[in-house]
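J.: Attaching a single structure in structure tokens format; questions to follow.
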Amino acid sequence: MVIVQVDHMGRLANEQRSAVLAMVKIATQADKVAPLSEQVLLAVRDQHPEAGSESPTRSVHFLAYAGAPLAGYAHLEQGADGQGCTAEIVVDPSHRRQGVGATLIHTLEQALEPHAETLWLWSHGDLDGARAFALRAGYSSVRELWQMHRHLRPDTTSLPAVLLPEGFRTRHFVVGRDEEAWLRVNARAFVDHPEQGRMTRPDLERRIAEPWFDAKGFILIEDIRGSQPVLAASHWTKVVPAEDPKVRATTGEVYVVGVDPAYQGMGLGRIVTILGLVHLRQKGLTEAMLYVDADNRAAVSTYSRLDFDRSAVDIMYSRIVHSPM
Numbered sequence: 664m665v666i667v668q669v670d671h672m673g674r675l676a677n678e679q680r681s682a683v684l685a686m687v688k689i690a691t692q693a694d695k696v697a698p699l700s701e702q703v704l705l706a707v708r709d710q711h712p713e714a715g716s717e718s719p720t721r722s723v724h725f726l727a728y729a730g731a732p733l734a735g736y737a738h739l740e741q742g743a744d745g746q747g748c749t750a751e752i753v754v755d756p757s758h759r760r761q762g763v764g765a766t767l768i769h770t771l772e773q774a775l776e777p778h779a780e781t782l783w784l785w786s787h788g789d790l791d792g793a794r795a796f797a798l799r800a801g802y803s804s805v806r807e808l809w810q811m812h813r814h815l816r817p818d819t820t821s822l823p824a825v826l827l828p829e830g831f832r833t834r835h836f837v838v839g840r841d842e843e844a845w846l847r848v849n850a851r852a853f854v855d856h857p858e859q860g861r862m863t864r865p866d867l868e869r870r871i872a873e874p875w876f877d878a879k880g881f882i883l884i885e886d887i888r889g890s891q892p893v894l895a896a897s898h899w900t901k902v903v904p905a906e907d908p909k910v911r912a913t914t915g916e917v918y919v920v921g922v923d924p925a926y927q928g929m930g931l932g933r934i935v936t937i938l939g940l941v942h943l944r945q946k947g948l949t950e951a952m953l954y955v956d957a958d959n960r961a962a963v964s965t966y967s968r969l970d971f972d973r974s975a976v977d978i979m980y981s982r983i984v985h986s987p988m
């Protein structure tokens, strides 16, 4: 056991940011799975958060040191009302089993507002070590996020033909024009989703600014039966370039599929999903993947019928930190 010191802050300095990202890379190579979600990585890399922007959450960074080198990192996202306290942790492989993770969890629990009863912890990849660690710390599994894959190679698999209902059309997302309409539909489509349904304009703009963003892979379905087109469904695909510029990416992601509840039951979710898969195949990609909550049986069934199979699992653990008043 070593002496661990933890510093916390609302924003990282450049050298801290670099140290965290370097540690994430090392942990990913060791565990064969990224330890932090996209949302947390965006928070780490965000050098210029929008001043005065409305946000339903508060982001705090925790840096753990065992001597001079960075030994661990944690990120806490806490709702403005003190609810929705979600954290992610990564410990440098060379500093594991030295109390770094336990110290970070204790610090996270101490950082919660008194009226925030529960802390939720994500474990990406459902690793044996993370499961045992969570059990020792008194955390229970409360949510499973599945990763599902399917082949896209045209010589080994086919995609179903689709036909839009009469009075509907497809087009690509237009930056600077479609943000607010998409956010409104996204909020309605994911009203009960703890992460996706809370996406704000700054969240969307951060992703649009990412190197992987491609408006041609952001497919919209509009209802054109009225005097003005109405956004009914969308499929935002994502292709992350390989770290080595000489290596071509082979996997595309079904990033966000959303259908306005007013248009559910028309098969638009399946149609727009297939249109996105066609786009990914046309880009020369040979694999498609997605994330879906295990208890979202309708979505799992839809993706299974499109030949997606479960390939990995992320686990959310929780513990009541403060007793209800």
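Residues in the sequence shown are numbered from 664 upward in steps of one, following our numbering.
Think of the CB as a built atom: it goes at the ideal place given N, C-alpha and C, for glycine as much as any other residue.
Computed from a predicted model, the values in this text were never measured in an experiment.
Would Ile882 pass as a contact of Gly939 if the rule is Cβ separation under 8 Å?
T.: yes
J.: What are the boundary residues of the alpha helix (DSSP H) that Val866 is part of?
T.: For clarity, residue 866 is Asp in the given sequence; the question names Val instead. Arg864 to Ile871 is the span of the alpha helix (DSSP H), which, as asked, contains Asp866.
J.: Quick one: what does DSSP say Gln668 is sitting in, helix, strand or coil?
T.: Judged by DSSP in its simplified three-state form, Gln668 adopts strand.
J.: Starting from Trp809, follow the alpha helix (DSSP H) in both directions and report where the run begins and ends.
T.: No alpha helix (DSSP H) holds Trp809; the beta strand (DSSP E) holding it covers Ser803 to His814.
J.: Relative to the C-alpha of Ser804, which residue among Tyr980, Leu894 and Val984 is closest?
T.: Closest by C-alpha distance to Ser804, out of Tyr980, Leu894 and Val984, is Tyr980.
J.: Is Ala765 closer than 8 Å to Ala729 when the C-beta atoms are compared?
T.: no
J.: Determine which residues share a DSSP beta bridge with Pro853 and list them.
T.: According to the sequence displayed, residue 853 carries Phe and not Pro. Answer by DSSP bridge pairing: none, since Phe853 is not bridged.
J.: Count the other CB atoms, across all protein chains shown, that sit within 10 Å of the CB of Thr749; report buried if there are 16 or more and exposed otherwise.
T.: buried
J.: Just verifying my parser: in three-state terms, what is the DSSP assignment at Ser716?
T.: Because the pLDDT of Ser716 is 49, which lies under 50, any placement of that residue in the model is unreliable, and the number read from its coordinates should be weighed accordingly. Ser716 falls in the coil class under three-state DSSP.
J.: Is Ala872 near the ligand ADP, judged by its Cβ being under 7 Å from some heavy atom?
T.: This structure does not include the ligand ADP; it has no bound ligands of any sort.
J.: Over the uninterrupted beta strand (DSSP E) stretch that includes Met979, give me the two end residues.
T.: Residues Asp972 to Ile983.
J.: Kindly list the residues whose CB is nearer than 7 Å to the CB of Val838, restricted to its own chain and excluding five residues on each side of it in sequence; keep chain order.
T.: Ile871 and Ala878
J.: With 16 other CB atoms within 10 Å as the buried threshold, where does Ile978 fall?
T.: Result: buried.
J.: My assumption, with CB atoms under 8 Å, is that Thr833 sits in contact with Leu827. Please give the rounded CB distance.
T.: 7 Å
J.: Here's a check: name, in chain order, each residue in its chain whose Cβ is nearer than 7 Å to the Cβ of Ala714, leaving out the five neighbours to either side.
T.: Because the pLDDT at Ala714 is just 43, under 50, the model does not fix this residue reliably, and the point stays unresolved.
J.: If you follow the beta strand (DSSP E) that Ser786 is part of, which residue opens it and which one closes it?
T.: Thr781 to Ser786
J.: In chain order, what residues of the same chain have a beta carbon less than 6 Å from the beta carbon of Arg973, not counting five sequence neighbours either side?
T.: Trp809 and Met811
J.: Given a threshold of 16 other Cβ atoms within 10 Å of its Cβ, counted over all protein chains shown, does Asp818 qualify as buried or as exposed?
T.: exposed
J.: Classify Leu798: buried if its beta carbon has 16 or more other beta carbons within 10 angstroms, exposed otherwise.
T.: Residue environment for Leu798: exposed (fewer than 16 other C-beta atoms within 10 angstroms of its C-beta).
J.: Determine the DSSP secondary structure at Thr965, reduced to helix, strand or coil.
T.: helix
J.: Could you spell out where the alpha helix (DSSP H) holding Val837 opens and where it closes?
T.: Taken as a continuous stretch (DSSP letters only), Val837 belongs to no alpha helix (DSSP H), as it is neither H nor E.
J.: So, under 8 Å CB-CB, Val935 and Val919 are touching, yes? Tell me the CB distance rounded to an integer number of Å.
T.: With 8 Å as the limit, Val935 and Val919 do not qualify as a contact, their Cβ atoms being about 11 Å apart.
J.: If you compare alpha carbons, which of Glu906, Ala852 and Gly880 is closest to Ala896?
T.: Ala852
J.: What residues match up with Phe881 in a beta bridge as DSSP calls it?
T.: Trp899
J.: Using alpha carbons as the reference points, say which of Ala693, Ala697 and Glu751 lies closest to Trp783.
T.: Glu751
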